[in-house]
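Residues in the sequence shown are numbered from 395 upward in steps of one, following this note's numbering. So the structure is just underneath, and the comments pick up after that.
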Amino acid sequence: MIDSPHRSLVQPVVDYVRRAARDGRQVAVLIPEVEPRHRCYEILQNQRGLLLATVLRSRTDVVVCLLPYRLDL
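Quick look at the structure:
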């Protein structure tokens with residue numbers, strides 16, 4: 395669990411990944427994305443996973459994998 399006093403998601407995760415990737419370690423970050431079955435429910439899902447993936451790709455040298463998870467609604 396990563397503590398964030400300001401309820402920020404991106405910067406604490408980026409800092410954690412940078413610490414984990416020190417000394418030439420190869421790190422892969424798996425980000426689950428909720429994928430509802432019906433298109434009308436997509437607006438209810440937030441886009442934090444995409445934002446996090448974009449920031450991690452631009453600021454670190456880790457492998458980022460987005461994993462779609464289909465919901466049956």
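C-beta: ideal position from N, C-alpha, C; glycine also.
Beta carbon of residue i nearer than 8 Å to that of residue j
i, j, result
"Arg453", "Leu403", "no"
"Leu445", "Val423", "no"
"Asp455", "Ala415", "yes"
Residues sharing a beta bridge with residue i, DSSP
i, result
"Pro426", "Leu461"
Integer Cβ distance of residue i from residue j, believed to fall under 8 Å
i, j, result
"Leu465", "Val428", "6 Å"
"Val458", "Ile425", "7 Å"
Proximal residues to residue i (C-beta, below 7 Å), its chain only, five neighbours per side dropped
i, result
"Ile396", "Pro406, Val407, Tyr410"
Spatial neighbours of residue i in its chain, beta-carbon cut-off 8 Å, leaving aside the 5 residues before and after
i, result
"Tyr463", "Pro426, Glu427, Val428, Glu429"
"Gly418", "none"
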